[in-house]
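See below for the structure under consideration.
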Amino acid sequence: MTSVSVSPSLYSITTNTRTRLPIPSLNLHFCHFNTKSLSINPLVRNYLQGCHRQKIPINSVSSSCTLRPLLIKASSMASSTQPSTDTKIKPFTVLFVCLGNICRSPAAEGVFRDIVKKRGLESKFFIDSAGTINYHEGNPADPRMSAASKRRGIEITSISRPIQPSDFKDFDIILAMDKQNREDILKAFNKWKFREPLADDAAKKVKLMCSYCKKHDETEVPDPYYGGPQGFEKVLDLLEDACDSLLDCILAENRDLGSS
Numbered sequence: 001m002t003s004v005s006v007s008p009s010l011y012s013i014t015t016n017t018r019t020r021l022p023i024p025s026l027n028l029h030f031c032h033f034n035t036k037s038l039s040i041n042p043l044v045r046n047y048l049q050g051c052h053r054q055k056i057p058i059n060s061v062s063s064s065c066t067l068r069p070l071l072i073k074a075s076s077m078a079s080s081t082q083p084s085t086d087t088k089i090k091p092f093t094v095l096f097v098c099l100g101n102i103c104r105s106p107a108a109e110g111v112f113r114d115i116v117k118k119r120g121l122e123s124k125f126f127i128d129s130a131g132t133i134n135y136h137e138g139n140p141a142d143p144r145m146s147a148a149s150k151r152r153g154i155e156i157t158s159i160s161r162p163i164q165p166s167d168f169k170d171f172d173i174i175l176a177m178d179k180q181n182r183e184d185i186l187k188a189f190n191k192w193k194f195r196e197p198l199a200d201d202a203a204k205k206v207k208l209m210c211s212y213c214k215k216h217d218e219t220e221v222p223d224p225y226y227g228g229p230q231g232f233e234k235v236l237d238l239l240e241d242a243c244d245s246l247l248d249c250i251l252a253e254n255r256d257l258g259s260s
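Quick note on numbering: full-length UniProt numbering labels position 197 of the sequence shown as 197, and the sequence is numbered without any gaps.
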């Protein structure tokens, strides 16, 4: 039984045309160089077996044999050392906004998400909703709105939050449910742009939800909060019409989103 000690010779990957592989340190006992039974680096095993064939004394490995790291072409390491060139399309971001973010905008988020899913475009979109006030922050959607949506097979899972400055940077389009919502959103933007790094044209992202309706003449999505069940159904009718057209417009203006 002979003890072999091999000093480490570490090299980092270079950008030259050749690359050096590191050789780990060993302090092992070998019996007749039965290296096949050992779990060691193949480079080290080949080196030791080479010394054995040349009848170099094991106790003089460090002085009689020069331990050289294996040189390989850098091109053969390209797949593991170079970052992938695959580029993913950035999801198109959509934000729906109403007053408290518990009725209309959560429903719009749910309706639009359902349409996107049915068209197999889930990975191409990021969808969210918010309110112009923080009164209901942290609360789920109004149970009446959730129930009406569920009857149409639409799940509402959003939690109320107020609109924030970063929304003007993070979202490609912001849909206001009515004219007062749009006015409040733009008022907040004009206040925030003096203390936040917001683009001057970010306000152009704000659109009225009903501007995308094709089957209805309404210019606003009415707030159903103080009304009866029919009010929630009317909201869903308008949203289904507008969201379907909205998706068509987004895809027409961003053809890469429709490609597989």
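All C-beta atoms, glycine included, are put in the ideal place defined by N, C-alpha and C.
Leaving aside the five residues before and after Phe125 along the sequence, list all residues of the same chain whose C-beta is less than 6 Å from its C-beta, in chain order. Translated into the one-based positions of the sequence shown, residue 125 becomes position 125. Closer than 6 Å at the Cβ level, and outside the excluded window around Phe125, lie Pro91, Phe92 and Val116.
Please name the residue, chosen from Pro165, Gln164, Ser146 and Asp167, that lies closest to Thr157 on a Cα-to-Cα basis. As a first step, residue 157 must be located in the sequence shown, where it is residue number 157. Ranking Pro165, Gln164, Ser146 and Asp167 by Cα distance to Thr157 puts Ser146 first.
Taking the alpha-carbon of Arg113 as reference, which of Ile159, Trp192, Leu247 and Lys215 has the nearest alpha-carbon? As a position in the sequence shown, residue 113 is number 113, starting the count at 1. Taking only the C-alpha atoms, the option nearest Arg113 is Leu247.
Look at Asp223 and Asp178 and say whether their C-beta atoms are less than 9 Å apart. By one-based count along the sequence shown, residue 223 stands at place 223. By one-based count along the sequence shown, residue 178 stands at place 178. Yes. Within cutoff.
Who does Pro162 pair with in a DSSP beta bridge? For this step, residue 162 is matched to residue 162 along the sequence shown. Per DSSP, the beta-bridge partners of Pro162 are Gly131.
What's the call for Asp86, buried or exposed, on a 16-neighbour Cβ count within 10 Å? By one-based count along the sequence shown, residue 86 stands at place 86. Since pLDDT at Asp86 reaches only 46, below the 50 mark, its modelled position is unreliable, and the value read off the structure follows with that caveat. With fewer than 16 Cβ atoms within 10 Å of its Cβ, Asp86 is classed as exposed.
Contacts around Asp167, its chain only, beta-carbon distance under 8 Å, and the 5 residues preceding and following it disregarded: Start at 1 with the first residue of the sequence shown, and residue 167 comes out as number 167. Closer than 8 Å at Cβ, skipping near neighbours: Leu95, Ala130 and Ile174.
With three or more beta-carbon pairs closer than 8 Å as the criterion, would you say the region 223–236 touches the region 199–208? Taking a cut-off of 8 Å for Cβ pairs, the region 223–236 and the region 199–208 do not touch, as fewer than three such pairs fall below it.
If you draw a straight line from the alpha carbon of Ala257 to that of Asn101, how long is it in whole angstroms? Here residue 257 is taken as the residue at index 257 of the sequence shown, counted from 1. Here residue 101 is taken as the residue at index 101 of the sequence shown, counted from 1. Contrary to the premise, residue 257 reads as Leu rather than Ala in this sequence. Between Leu257 and Asn101, the C-alpha separation is close to 28 Å.
Among Asn190, Ile154 and Cys98, which one has its Cα closest to the Cα of Pro165? Position 165 of the sequence shown, counted from the start, is the residue given in the question as residue 165. Selected option, being the one with the closest Cα: Asn190.
Below 8 Å on the Cβ atoms is my contact criterion, and I expect Cys103 with Asp142 to pass it. Report the Cβ-Cβ distance as a whole number of Å. Taking the sequence shown and counting its residues from 1, one reaches residue 103 at position 103. Taking the sequence shown and counting its residues from 1, one reaches residue 142 at position 142. At roughly 5 Å, the Cβ-Cβ gap stays under 8 Å, so Cys103 and Asp142 are in contact.
Considering only their Cβ atoms, is the gap separating Arg152 from Glu240 smaller than 9 Å? Mapped onto the sequence shown, residue 240 falls at position 240. Mapped onto the sequence shown, residue 152 falls at position 152. In contact: Glu240 and Arg152 (Cβ atoms closer than 9 Å).
So if DSSP puts Thr93 in a beta bridge, which residue, or which two residues, is it bridged to? Residue mapping note: residue 93 aligns to position 93 of the sequence shown, counting from 1. Beta-bridge analysis with DSSP links Thr93 to Phe126.
Taking just the CA atoms, how far does Arg255 sit from Arg161? For the purposes of this step, residue 161 is taken as the residue at position 161 of the sequence shown. For the purposes of this step, residue 255 is taken as the residue at position 255 of the sequence shown. Distance between the alpha carbons of Arg161 and Arg255: 31 Å.
Inter-residue spacing [alpha-carbon to alpha-carbon] between Lys204 and Lys215: Numbered from 1 along the sequence shown, position 204 holds the residue referred to as residue 204. Numbered from 1 along the sequence shown, position 215 holds the residue referred to as residue 215. Near 25 Å, if we compare the C-alpha coordinates of Lys215 and Lys204.
Taking all protein chains shown into account, decide if Cys249 is buried (16 or more other Cβ within 10 angstroms of its Cβ) or exposed. What you label residue 249 is simply residue 249 of the sequence shown in a count that begins at 1. With fewer than 16 Cβ atoms within 10 Å of its Cβ, Cys249 is classed as exposed.
Selected residue, minimal CA-CA separation from Ile133, among Glu109, Leu99 and Tyr225: Counting from 1 along the sequence shown, the entry for residue 133 is found at position 133. Here the closest residue by C-alpha is Leu99.
Please report the residue range of the beta strand (DSSP E) in which Val206 lies. As a working mapping, residue 206 is identified with position 206 in the sequence shown. Counting along the chain, the beta strand (DSSP E) containing Val206 begins and ends at Val206 to Leu208.
If you check the beta carbons only, do Ala176 and Pro229 fall under 9 Å apart? Taking the first residue of the sequence shown as 1, we reach residue 176 at position 176. Taking the first residue of the sequence shown as 1, we reach residue 229 at position 229. Taking C-beta atoms as the reference points, Ala176 and Pro229 fail to come closer than 9 Å.
Where Ser245 and Val221 are concerned, what is the direct C-alpha to C-alpha distance, given to the nearest angstrom? For this step, residue 245 is matched to residue 245 along the sequence shown. For this step, residue 221 is matched to residue 221 along the sequence shown. Spanning the two alpha carbons is a distance of roughly 15 Å.
Determine the extent of the alpha helix (DSSP H) in which Ala252 is found, giving its start and end residues. Here residue 252 is taken as the residue at index 252 of the sequence shown, counted from 1. Element bounds for Ala252: Pro229 to Glu253.
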